[in-house]
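See below for the structure under consideration.
2 protein chains.
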Amino acid sequence: MVRRVVSANGSMRQGKSATTVFGSSRSESRAAVLKDVALRAGVDASTVSRVLRGDERKPARAETRERILQVARELGYRPNSVARSLRTRKTEAIGLVIPDAGNPGFAEIFKGVQTATAQTGWHVIVVEGRGPNHPDLGWERLVFEGRVDGVLVLTASLRDPLVQRVARSGVPLVLVNRRSDGVVGSVVVNDARGAEVAVDHLVSLGHRRIGHIAGPPTIDTGRRRTAGFRAAMRKHALPLRNSWIAGTDYTEAGGAEAARSLMDKSGPDLPTALYVASFLSGIGAMKVFKDAGLRIPHDISIIVSDELALAAHTNPPLTTVFMPVRRMGEAAATMLLAAMAQEPVADIVLPDEPQLVLRASTAPPGEGWRVSR
Amino acid sequence: MVRRVVSANGSMRQGKSATTVFGSSRSESRAAVLKDVALRAGVDASTVSRVLRGDERKPARAETRERILQVARELGYRPNSVARSLRTRKTEAIGLVIPDAGNPGFAEIFKGVQTATAQTGWHVIVVEGRGPNHPDLGWERLVFEGRVDGVLVLTASLRDPLVQRVARSGVPLVLVNRRSDGVVGSVVVNDARGAEVAVDHLVSLGHRRIGHIAGPPTIDTGRRRTAGFRAAMRKHALPLRNSWIAGTDYTEAGGAEAARSLMDKSGPDLPTALYVASFLSGIGAMKVFKDAGLRIPHDISIIVSDELALAAHTNPPLTTVFMPVRRMGEAAATMLLAAMAQEPVADIVLPDEPQLVLRASTAPPGEGWRVSR
DNA sequence: ACATAATAGCCAATCGATTGGAATAGGCCA
DNA sequence: TGGCCTATTCCAATCGATTGGCTATTATGT
Numbered sequence: 043m044v045r046r047v048v049s050a051n052g053s054m055r056q057g058k059s060a061t062t063v064f065g066s067s068r069s070e071s072r073a074a075v076l077k078d079v080a081l082r083a084g085v086d087a088s089t090v091s092r093v094l095r096g097d098e099r100k101p102a103r104a105e106t107r108e109r110i111l112q113v114a115r116e117l118g119y120r121p122n123s124v125a126r127s128l129r130t131r132k133t134e135a136i137g138l139v140i141p142d143a144g145n146p147g148f149a150e151i152f153k154g155v156q157t158a159t160a161q162t163g164w165h166v167i168v169v170e171g172r173g174p175n176h177p178d179l180g181w182e183r184l185v186f187e188g189r190v191d192g193v194l195v196l197t198a199s200l201r202d203p204l205v206q207r208v209a210r211s212g213v214p215l216v217l218v219n220r221r222s223d224g225v226v227g228s229v230v231v232n233d234a235r236g237a238e239v240a241v242d243h244l245v246s247l248g249h250r251r252i253g254h255i256a257g258p259p260t261i262d263t264g265r266r267r268t269a270g271f272r273a274a275m276r277k278h279a280l281p282l283r284n285s286w287i288a289g290t291d292y293t294e295a296g297g298a299e300a301a302r303s304l305m306d307k308s309g310p311d312l313p314t315a316l317y318v319a320s321f322l323s324g325i326g327a328m329k330v331f332k333d334a335g336l337r338i339p340h341d342i343s344i345i346v347s348d349e350l351a352l353a354a355h356t357n358p359p360l361t362t363v364f365m366p367v368r369r370m371g372e373a374a375a376t377m378l379l380a381a382m383a384q385e386p387v388a389d390i391v392l393p394d395e396p397q398l399v400l401r402a403s404t405a406p407p408g409e410g411w412r413v414s415r
Numbered sequence: 043m044v045r046r047v048v049s050a051n052g053s054m055r056q057g058k059s060a061t062t063v064f065g066s067s068r069s070e071s072r073a074a075v076l077k078d079v080a081l082r083a084g085v086d087a088s089t090v091s092r093v094l095r096g097d098e099r100k101p102a103r104a105e106t107r108e109r110i111l112q113v114a115r116e117l118g119y120r121p122n123s124v125a126r127s128l129r130t131r132k133t134e135a136i137g138l139v140i141p142d143a144g145n146p147g148f149a150e151i152f153k154g155v156q157t158a159t160a161q162t163g164w165h166v167i168v169v170e171g172r173g174p175n176h177p178d179l180g181w182e183r184l185v186f187e188g189r190v191d192g193v194l195v196l197t198a199s200l201r202d203p204l205v206q207r208v209a210r211s212g213v214p215l216v217l218v219n220r221r222s223d224g225v226v227g228s229v230v231v232n233d234a235r236g237a238e239v240a241v242d243h244l245v246s247l248g249h250r251r252i253g254h255i256a257g258p259p260t261i262d263t264g265r266r267r268t269a270g271f272r273a274a275m276r277k278h279a280l281p282l283r284n285s286w287i288a289g290t291d292y293t294e295a296g297g298a299e300a301a302r303s304l305m306d307k308s309g310p311d312l313p314t315a316l317y318v319a320s321f322l323s324g325i326g327a328m329k330v331f332k333d334a335g336l337r338i339p340h341d342i343s344i345i346v347s348d349e350l351a352l353a354a355h356t357n358p359p360l361t362t363v364f365m366p367v368r369r370m371g372e373a374a375a376t377m378l379l380a381a382m383a384q385e386p387v388a389d390i391v392l393p394d395e396p397q398l399v400l401r402a403s404t405a406p407p408g409e410g411w412r413v414s415r
């Protein structure tokens, strides 16, 4: 690790020492409820309810309506969503299950989800789910205690028992960037095509010895990127060596490990270019190669999947394949909203073309790696 | 509505064509409720409730208890959280209002919040609030429709009317990394000390002409970093020039703009080192300087606030001041939980020392900027 | 002017769980 | 055997909003 931590001399401060107890000020006046409005407007609560939610089937007299609206405004009335949910059996909330908030790709997906849900007034409960083995209390409860009307799952491995159980229970569920056996309803980007774009680019630069750092085989996205990679290599009639493919999870540490294993397995016969299935892994791999004395892109070209703002600032700046991740989040949320409205769902692959974002980590092959070990 | 999209080049694909309507499978058997368990166990619903939640004051006979537990297990009974919330007037959910999910610092705070809430089983509803002017329907409703028991706000400017309104309404609220006039209950890191650590470092390298890219003056954190910067400069008896200080928001574009304005204002008299109040701004500023032909750190040293994993991979790797951001999220959530339990709250500054993380973007001053324009 | 229809608004049940008070049964003591 | 106590369990109200059914009131038609 590069981190050299220098601690400064100790000091401790505390702000204003003022303290308050919320309970004291809270009771100043409890929030108005439907009955309060009804009483003050001299009508029944049911009438208030109908007026406020604009029930067409039983309109109120214009005069009554005005009076009710007026009183509601005066009292600052807001309908209690919990009571409403109990009666209507709708929470207007969805769950978003993510593997790790630290992964920068997640933020994009979340933004996509927000744009779809914010418009319709739905709320998003975010939970970090920890793998299929863990007790995973968090999102288990979310669903089975009826706190949400549906879930978006970004963590599912191919056979995640919890996912399958939820799907069977009938709670609307959409997988994002994932698929799971026997579960219908997923949105993924065109991973195979993304891999192809990457390989095409490397080939067009003149590379023929191309390797791959793959995602975990338990995750569908990882598999499809790898399959796409293999297909693209076949398309160009290029050799595929097992020693040029290393699997890993979607982390920086995993990428570093994969890079080391690649160097170990290949010896002096390292590929001249690498397609890495995740941004963070790419970062980790790049560091390992540089530390080993390889120059990027001179000795080895690197192209990674998923475009992030930070790719422009790495050393060297990373060539990436932009995958429409935000769109994916939006499409998934839209699909979930549809599913919750009893509409049919399907497994879809976003038709958006992955885009090559050209930077400095790829170039025509140099003389290759000839460092004695 | 499920969008069926057709792309230009006809690469549209659709996965398995199987589709299902959730409604059909859902009704296979509606979830068991309290009454179902009661009926089947031959007891009253109230008894079931007391047994399942382990009510000490009215214990059931051992035999009855076993029977109830058995039936509950058979039926897979889970208490409905909406009904429970209505009765108990507790949602066991909190709101987390963030300015922009794209900011990588947010992920850390979120993780801190999660560690505090996950243990106690509370859920987190995340909303992107858009500034104090916007209609901001999102988190307005969250609070006033009783969907959460409290909120953590990461967006508050010094006098955000919505924040003040919520605080007055008595809904427990804790500001994170922010403060707001007249609102008690906030957790911030020691920004002044962070700035001091940065300046001390630059001074120890031999810099005397030190500039600052500040956060927005409407945000308390930004102000305190700037105040800390000024104090540290005074401590070292170093000159402070207004042309060496530029304000901006916490974005990459803002940082770039600030850097340009700094070069414009200073002319050939640019500082030899810069303390930047946010990671993203630092990235943006660094790019502008490099594009202008400055070498970092030879011509200008840069140190930024907030440590992120990606700082190690920028070009050059960024020297940062690690602020205990995750701890801040955790402390804020803990404080909020306390506030919701009617305990007193205060404004606190985390005592954790900011840590210098030394990398390659800072070095002793070179000969300075002497490029004619 | 009378019958009928339309309209406005009220009543009461409901969603599902919690909780204070009442009721029943058995046990104990005199 | 009668009275009292305690351990269990049941009853019913409650949280706040929604909604089908019903009544009272007004409008319409002949």
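So the protein lines, in turn, are chains B and W.
Using my numbering, the letters of the first sequence map in sequence onto residues 43 to 415.
Using my numbering, the letters of the second sequence map in sequence onto residues 43 to 415.
We treat Cβ as the ideally placed atom computed from N, Cα and C, and that holds for glycine.
Values in this document were obtained by computation on a predicted structure and should not be read as measured data.
Where in the stretch 331 to 379 of chain B do unbroken runs of the beta strand (DSSP E), each at least 3 residues long, occur, reported from the N-terminal end onward?
Taking only runs of at least 3 residues, the beta strand (DSSP E) segments lying wholly in the stretch 331 to 379 of chain B are 343 to 347 and 361 to 364.
For a test of your reading of the model: does the CB of T89 (chain B) fall under 8 Å from any non-hydrogen atom of the ligand MN? Yes or no.
Looking at this structure, you won't find the ligand MN or any other ligand, since it has none at all.
Buried versus exposed call for V63 (chain W) [16 or more other C-beta atoms within 10 Å across all chains shown]
Because V63 (chain W) sits at a pLDDT of 42, beneath the cut-off of 50, its placement in the model cannot be relied upon, and the following sentence gives the value as read from the coordinates. Within a 10 Å sphere around the beta-carbon of V63 (chain W) sit fewer than 16 other beta-carbons, which makes this residue exposed.
Can you name the residues of chain B whose CB is closer than 7 Å to the CB of I325 (chain W)?
The contacting residues are H355.
Flag A405 (chain W) as yes if its beta-carbon sits less than 9 Å from any beta-carbon of chain B, otherwise no.
So, not an interface residue.
Quick check: the stretch 391 to 406 of chain W against the stretch 327 to 341 of chain W, are at least 3 beta-carbon pairs closer than 8 Å?
Verdict: yes, contact present.
M328 (chain B) and H416 (chain W) - do their beta-carbons sit closer together than 9 Å?
Coverage of chain W is limited to positions 43 through 415, which leaves residue 416 (chain W) absent and any answer about it impossible.
Within 10 angstroms of its Cβ, does G188 (chain W) collect 16 or more other Cβ (buried), or is it exposed?
Classified as buried, G188 (chain W) has 16 or more neighbouring CB atoms from the shown chains inside 10 Å of its CB.
Taking only beta-carbon atoms, is I12 (chain B) less than 9 Å away from chain W?
Lying before the first or after the last residue shown, residue 12 (chain B) is absent from chain B, which here runs from 43 to 415.
Would you decide whether D223 (chain B) is buried or exposed? Buried here means 16 or more other CB atoms lie within 10 Å of its CB.
Counting Cβ neighbours within 10 Å, D223 (chain B) comes out exposed, since fewer than 16 surround it.
The beta strand (DSSP E) that contains H254 (chain W), what's its start and end?
Here the beta strand (DSSP E) through H254 (chain W) covers I252 to A256.
Flag A374 (chain W) as yes if its beta-carbon sits less than 9 Å from any beta-carbon of chain B, otherwise no.
Between A374 (chain W) and chain B, the shortest Cβ-Cβ separation is not below 9 Å.
Given this structure, state the Cα-to-Cα distance separating A279 (chain B) from R220 (chain B), to the nearest angstrom.
Answer to the nearest angstrom: the Cα atoms are 30 Å apart.
Considering only the alpha carbon of each residue, which of W:V230, W:D333, W:Q397 and W:L282 lies closest to D389 (chain W)?
Comparing C-alpha distances from D389 (chain W) to each of W:V230, W:D333, W:Q397 and W:L282 shows the shortest one belongs to W:V230.
Under the three-state DSSP convention, the category V208 (chain B) falls into:
DSSP places V208 (chain B) in the helix class (H, G or I) of the three-state scheme.
Please confirm if P121 (chain B) has its CB atom under 9 Å from at least one CB of chain W.
P121 (chain B) belongs to the set of residues whose beta carbon lies under 9 Å from a beta carbon in chain W.
Measuring CA to CA, which of W:E108, W:P141, W:A114 and W:R99 is closest to V75 (chain W)?
The shortest Cα separation from V75 (chain W) among W:E108, W:P141, W:A114 and W:R99 belongs to W:A114.
Three or more beta-carbon pairs under 8 Å between the stretch 368 to 388 of chain W and the stretch 138 to 156 of chain W, yes or no?
Verdict: yes, contact present.
For a test of the three-state rule: what should DSSP assign to H243 (chain W), helix, strand or coil?
Reduced to three states, the DSSP call for H243 (chain W) is helix.
Residue from W:P366, W:P407 and W:A143 whose Cα sits closest to the Cα of R235 (chain W):
With distances taken between Cα atoms, R235 (chain W) lies closest to W:P366.
Three-way DSSP call (helix, strand, coil) for L316 (chain W) in this model:
Note: L316 (chain W) maps to strand in three-state DSSP.
Answer yes or no: do G324 (chain W) and I255 (chain W) have a C-beta to C-beta separation smaller than 9 Å?
In this structure, I255 (chain W) lies closer than 9 Å to G324 (chain W) by Cβ.
With 8 Å as the C-beta to C-beta threshold (strictly closer), list the residues of the stretch 327 to 361 of chain B near chain W in chain order.
The stretch 327 to 361 of chain B vs chain W, Cβ under 8 Å: M328, K329, A351, L352, A354, H355, T356, N357, P358 and P359.
Using a C-beta cutoff of 9 Å, does F271 (chain W) count as contacting chain B?
Output row for F271 (chain W): interface = no.
Measure from the alpha carbon of L111 (chain W) to the alpha carbon of each residue in W:L312, W:V166, W:D142 and W:L94, then state which is nearest.
Ranking the options by Cα distance to L111 (chain W), first place goes to W:L94.
How is the beta strand (DSSP E) around G192 (chain W) delimited, first residue to last?
From DSSP, the beta strand (DSSP E) with G192 (chain W) extends over G192 to V195.
Where do the N-terminal and C-terminal ends of the beta strand (DSSP E) with A87 (chain W) fall, by residue?
The continuous stretches of beta strand (DSSP E) do not include A87 (chain W), which lies in the alpha helix (DSSP H) extending over residues A87 to L94.
Where do the N-terminal and C-terminal ends of the beta strand (DSSP E) with Q397 (chain B) fall, by residue?
DSSP places Q397 (chain B) inside the beta strand (DSSP E), whose first and last residues are Q397 to V399.
Hey, how far is the Cα of R120 (chain W) from the Cα of T159 (chain W)?
Rounded to whole angstroms, R120 (chain W) to T159 (chain W) spans 21 Å at the Cα level.
Per-residue contacts from A198 (chain W) into chain B (C-beta, under 7 Å)
By Cβ distance, chain B contributes nothing, its closest Cβ being about 15 Å from A198 (chain W), past 7 Å.
So what does DSSP say about A383 (chain W), is it helix, strand or coil?
If DSSP states are grouped into helix, strand and coil, A383 (chain W) belongs with coil.
Interface residues of chain W facing S127 (chain B) [CB-CB closer than 8 Å]:
For S127 (chain B), the chain W residues whose Cβ falls inside 8 Å of its Cβ are V124, in order along the chain.
Short CB-CB distance (under 9 Å) between S222 (chain B) and chain W:
Taking Cβ atoms only, chain W never reaches closer than 9 Å to S222 (chain B), which makes this a no.
Give a yes or no on whether 9 Å exceeds the smallest Cβ distance from R189 (chain W) to chain B.
Interface flag for R189 (chain W) against chain B is set, since a Cβ pair is found closer than 9 Å.
Buried/exposed call for G248 (chain W), threshold 16 Cβ in 10 Å
G248 (chain W) should be labelled exposed.
Inter-stretch contact (C-beta, 8 Å, three-pair minimum) for the stretch 121 to 135 of chain W and the stretch 97 to 111 of chain W
No, the stretch 121 to 135 of chain W does not touch the stretch 97 to 111 of chain W.
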